Amino acid sequence: MSPVLAGVLQLLALVVALGLSYRPLGDYMARVYSSEKHYTPEKWIYRVIGANPDTEMRWPAYLRGVLAFSAVSVLFLYLLQRVQGVLPGSLGFVSIDPDQAFNTAASFVANTNWQSYSGEQAMGHVVQTGGLAVQNFVSAAVGMAVAVALVRGFARSRSGELGNFWADLVRGTVRVLLPLAVVGALVLVACGAIQNFSGIHEVGQFGGGAQQWNGGAVASQEVIKELGTNGGGYFNANSAHPFENPNGLSNLFEIYLILVIPFALTRTFGRMVGSLKQGYAILGTMAVIWVGFTALMMWTEFAHRGPALEIAGGAMEGKETRFGIAGSSLFAVATTLTSTGAVNSFHDSYTGFGGGIAMLGMQLGEIAPGGVGSGLYGMLIMAVIAVFIAGLMVGRTPEYLGKKIGTREIKFAACYILITPALVLCFTALAMALPTPPHSMTNTGAHGFSEILYAYTSGANNNGSAFGGLNADTQWFNSTVGIAMLLGRFLPMVFVLALAGSLSEQAPVPATAGTLRTEKPLFTGLLVGTILIITGLTYFPALALGPLAEGLAA
């Protein structure tokens, strides 16, 4: 079987698996977030944190819950790393330096999971399982809660209420993420991923020195890393490490885990707003972009010319032979079009255009299908912009899902789409202008610029993957990428929740003959075009200096 055919078959198998999961999972999540019943374990949690899950919140109160919970999480995870040296189960590792502890705490709470450290050489069992793995669950649940709050903004009228953040957080964790993670972890263990609390073992002599391997609760962290679109690996090699991702079957399963909740949330959206066709329109937009990017990535990596590459069947540098070009390309697109950031190959070694495709996937806003929760609310913001543009073209007040998109709403949406590009481009410009940060680049020229552009694109978009050629473990990068991650995660949430509150206060507007039919393929095409145009106008100059210049020079 040719590698190209194997790639096509993997893609088809993935589409079938996602299609089979779409309806039951999407409907289940709609029931979870619409339920008025509280399970006994959930009641215990509410008592511990002192929350009343039945209290409805307006958007400022909902936002305060998000920010307060996240601030406490950052502080807890920071302190846990700083005292690691005196904790049991630390495997002899010392406490983490202040700048790296801040970066890691910000990273995992922001659902970014950017790592400027080698996991097996820095973090013990307590920090890995009691700190990082816990944040993998709750940071994903925060994103889902904000997305559901926006959906309620469209669904409700004359109330201004968006539900209860604490109830949404607990339900997303206990009823959605935890059960799926248990089943997924068992699958990964069956595939060969490890799950233990063993110490460090010497496994042999290589090159005159001893090779040491850690054990760890790898399968349980790996599954929520992918399922919650987190991305932080137990080992430095991330999902290229055989303890995390043993074979081709586990690789395809992990890609499925990355995509299944973000795609299924479009069904949840359609169910909660009372129109499944609206959910299908959003799903169609996500699917078109995802399939298009996957096809482009495979083409660039298979077709790259050169004697060595032709013998290998494509650009194999930096890729695992267990997965090949097809499995690596599928993973790379899935992880950068979502806010996952896990990697099973070295993005720094991709072709110029291949690296640019991965970077562009993040710059779209990671909305196809995007992160858990963040992909849905990011796409809905883009839908609001697309409706507004359509309204300008026909001279009619724009409406979406029966809600008027007025001056206030479009200001919130515009602020949302401007925050992340401003963070990416400003921090990249500073890093290139100052004398010290460029010393961290392994390469010079266009590829070296791409390393820094990719780093801030990944941080501000809460992705977490890296080109790999950049030495990010410096005070400058630990601090600035950490700031970019926090601002890129929580500032957009301010405008998402403000928009949700504004929409929920409105009375529904009846549809007329002039109303734009947002459930039709025409709107899907308009939405795809809007996303590509906005991203292109924003990032094209920077991309022209980096991956485009490198690709054209190859």
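Number 345 in the working numbering belongs to position 328 of the sequence shown; there are no gaps in the numbering.
We put the beta carbon where it would ideally sit given N, CA and C, even for glycine.
Just so you know, these numbers come straight off a predicted model, no measurement behind them.
Would you give the residue range spanned by the alpha helix (DSSP H) that residue i belongs to?
i      : result
Trp76  : 76–99
Asn495 : 492–521
Leu205 : 195–208
Ile306 : 293–320
Pro279 : 265–290
Leu533 : That residue, Leu533, is in no alpha helix (DSSP H); it is neither H nor E in DSSP.
Lys242 : 235–244
Check residue i in the structure and name its three-state DSSP category.
i      : result
Ala325 : Caution applies to Ala325, whose pLDDT of 49 falls short of 50 and renders its modelled position unreliable; the model cannot decide the point.
Trp183 : helix
Ile384 : coil
Trp131 : coil
Tyr55  : In the sequence as presented, Tyr is not what sits at residue 55; that position holds His. Coil, per DSSP.
Met458 : strand
Asn69  : coil
Glu178 : strand
Leu487 : strand
Glu219 : strand
Ser482 : coil
Lys336 : strand
Ala570 : helix
Ser356 : coil
Asn255 : helix
Phe171 : helix
Residue i and residue j: beta carbons closer than 7 Å?
i      : j      : result
Val126 : Gln98  : no
Gly505 : Ala164 : no
Gly12  : Thr357 : Look at the range of the chain in this structure, 18 to 571, and you will see that residue 12 is not part of it.
Ala524 : Arg81  : no
Tyr417 : Val401 : yes
Pro509 : Ile436 : yes
Asp185 : Asn495 : no
Tyr39  : Arg284 : yes
Asn262 : Asn361 : yes
Leu451 : Ala472 : no
Met502 : Gly476 : yes
Gln101 : Ser90  : no
Thr77  : Gly373 : Contrary to the premise, residue 77 reads as Pro rather than Thr in this sequence. Taking 7 Å as the Cβ cut-off, Pro77 and Gly373 do not qualify as a contacting pair.
Asn575 : Phe340 : Nothing can be reported for residue 575: it is not among the residues displayed for the chain, which extend from 18 to 571.
Val206 : Ala236 : yes
Asn130 : Gly232 : no
Ala332 : Ala349 : no
Val187 : Ile62  : yes
Val526 : Gly419 : yes
Phe110 : Gly147 : no
Tyr297 : Ala34  : no
Leu554 : Ala403 : no
Can you tell me the Cβ-Cβ gap for residue i and residue j, rounded? I've got them flagged as a contact below 8 Å.
i      : j      : result
Ser346 : Gly24  : 7 Å
Thr497 : Phe444 : 6 Å
Ala202 : Val144 : Going by Cβ atoms, the distance from Ala202 to Val144 rounds to 19 Å, so no, they are not a contact pair.
Gly170 : Leu516 : 7 Å
Cys432 : Phe512 : 5 Å
Gly568 : Thr246 : 28 Å between Cβ atoms; not a contact.
Leu499 : Asn120 : Strictly speaking, residue 499 in this sequence is Gly, with Leu absent from that position. The Cβ separation is near 4 Å, so the contact holds.
Val155 : Thr190 : 6 Å
Gly388 : Gly160 : 6 Å
Tyr79  : Leu514 : 6 Å
Ala172 : Val290 : 5 Å
Beta carbon of residue i: closer than 6 Å to some heavy atom of the ligand GTP?
i      : result
Gly296 : Summarising the ligand content, the structure contains no ligands, and the ligand GTP is consequently not present.
I'd like to know whether the C-beta of residue i is nearer than 7 Å to at least one C-beta of chain C.
i     : result
Tyr45 : Chain labels in this structure do not include chain C; a single protein chain is all it has.
*Can you check the segment 19–66 for any alpha helix (DSSP H) of at least 4 residues that lies completely inside it and give the ranges in chain order?*
DSSP runs (the alpha helix (DSSP H)) wholly in the segment 19–66: 20–51, 57–66.
*asked:* Could you tell me which whole alpha helix (DSSP H) segments of length 4 or greater appear in the segment 397–471?
replied: Those alpha helix (DSSP H) runs which fall completely within the segment 397–471 and span 4+ residues are 424–450.
*Which residue spans inside the segment 102–169 form an unbroken beta strand (DSSP E) run of at least 3?*
Those beta strand (DSSP E) runs which fall completely within the segment 102–169 and span 3+ residues do not exist here.
*Give, in chain order, every unbroken run of the alpha helix (DSSP H) that is at least 4 residues long and sits entirely within the segment 539–565.*
Runs of the alpha helix (DSSP H) inside the segment 539–565: none found.
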